[in-house]
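Report on the following structure.
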Amino acid sequence: MDLILDYFELLLTLILLAVGFFAGRYVEKRHYISIRQREKQFRKILTFSARYPPNMVEPQDSRLVCGTVVISSDYFKQFVAGLRNFIGGRFRSYESLFDRARREAILRMKMDAHKNGFALIINVKFVTTSIGGGTTGQQGMPCFEVCAYGTALRPEKTRFPDKLNPI
Amino acid sequence: MSSMLVSNIEVVPGKRVKSHLGLVQGSTVRAKHAGKDLLAGLKNIVGGELKAYTELMQEAREEATERMIEQARSIGANGVLNVRYATTAVTVGAAEILAYGTAVILE
Numbered sequence: 000m001d002l003i004l005d006y007f008e009l010l011l012t013l014i015l016l017a018v019g020f021f022a023g024r025y026v027e028k029r030h031y032i033s034i035r036q037r038e039k040q041f042r043k044i045l046t047f048s049a050r051y052p053p054n055m056v057e058p059q060d061s062r063l064v065c066g067t068v069v070i071s072s073d074y075f076k077q078f079v080a081g082l083r084n085f086i087g088g089r090f091r092s093y094e095s096l097f098d099r100a101r102r103e104a105i106l107r108m109k110m111d112a113h114k115n116g117f118a119l120i121i122n123v124k125f126v127t128t129s130i131g132g133g134t135t136g137q138q139g140m141p142c143f144e145v146c147a148y149g150t151a152l153r154p155e156k157t158r159f160p161d162k163l164n165p166i
Numbered sequence: 000m001s002s003m004l005v006s007n008i009e010v011v012p013g014k015r016v017k018s019h020l021g022l023v024q025g026s027t028v029r030a031k032h033a034g035k036d037l038l039a040g041l042k043n044i045v046g047g048e049l050k051a052y053t054e055l056m057q058e059a060r061e062e063a064t065e066r067m068i069e070q071a072r073s074i075g076a077n078g079v080l081n082v083r084y085a086t087t088a089v090t091v092g093a094a095e096i097l098a099y100g101t102a103v104i105l106e
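First to last, the sequence lines map onto chains A and B. Per numbering that gives the first Met the number 0: the first sequence ends with 166, consecutive numbering throughout. Per numbering that gives the first Met the number 0: the second sequence ends with 106, consecutive numbering throughout.
Below, the structure is given as C-alpha cells:
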C-alpha cells in the first residue's frame, strides 16, 4: 500500500500518458477522416488567397465569411514535445495539430459560404492566437485558436459555365 | 443592418466607392470562465477541439465586427472594406479580438 502511495504521482503520470496516447490518437484519426470527407464535399467552393477574383467570373454579390476553431494538444503529445525541446528539430506531434486546425477553419469558412449560397472565396487570411495555459494549473498546455476569413462571392455570370458550377 | 456591406477586399463588385471615411475599428476582450476552463483542462488530456472555446472566440469575433459596423454606421458609412482581424492574448485565459477596416460610402 505504501509503495503505491509513494509512486502515486508517477503512476498518475503514466496513466495520463496512456490515456493521452490512445484517446489522442483516436480523436486525431477520427478528425482526419471527417476532414477528408468534408473536404471532398465542399471541393466545389473555390478558395483563393489572391485579392482579386479570377477573371473567369464576374462576381455579383459579396460577403465576409469566417471559420473558427480552438484546438488543444493531448497529454502524450505535450510530453513528447517536452523531450523534443532538449534535442531540437521538428515537433512532428504538433505539426499535425496545426494542420488539423487550419484545415478545419478553412472547412468552417467554406460551410459558412455554402450556407449562404456563395461559390467562391477570395482573399483568404489566417489569424492564429495561442490561448494556452489554463487558469486551473496546467501551465503551458498548448491550446490555440485559428480563424480563417475571406470574401465570399456569388458568380452570377460565368464565362466558362461548365467549369464552375455553384453547388 | 442589411444595408451595411462588409468585405475584406478593396473593391465591391458592381458598386462604386463614392466617398472614403477612414479607418473604423471594434474590439472586445473576453475571458473564459472557470467552469468551462475546468472542462477544457480535462479535455487537454485527450486533445482535440475545445468546443466551448471555439464558441467563445466566435462570439467575441462577431461582437468585435458588430462594434466596428456600429462605428461605421455612426459616421454615415454604408460599407466597410478591407476588413482585417487581429487577436492578442492579454493575460492567461483572456484574449482581445480586434476588427478594423475602411469605412466607405458606396453608390
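Ideal Cβ placement from N, Cα and C applies to all residues, glycine included.
| Query | Result |
| --- | --- |
| Tyr99/B at chain A interface by Cβ criterion, 8 angstroms | no |
| Residues in the region 14-25 of chain A having any Cβ partner in chain B nearer than 8 angstroms | Leu15, Val18, Gly19, Ala22 and Gly23 |
| Span separating the alpha-carbon of Arg62/A from that of Ala151/A | 5 angstroms |
| Any chain A beta carbon closer than 8 angstroms to Ile8/B | yes |
| Sequence ranges, alpha helix (DSSP H) only - wholly within the region 48-128 of chain A, length at least 4 | 74-86 and 91-114 |
| Counted within 10 angstroms of its Cβ, other Cβ atoms place Val123/A as buried (16 or more) or exposed | buried |
| Positions along the region 17-30 of chain B whose CB lies within less than 8 angstroms of some CB in chain A | none |
| Interface flag, Val69/A vs chain B, CB-CB below 8 angstroms | yes |
| Cβ contact (3+ pairs, closer than 8 angstroms) linking the region 2-9 of chain A and the region 28-47 of chain B | no |
| Alpha-carbon spacing of Arg99/A relative to Tyr31/A, whole angstroms | 7 angstroms |
| Among Asn84/A, Val69/A and Glu27/A, the one whose alpha carbon lies nearest that of Ala104/A | Val69/A |
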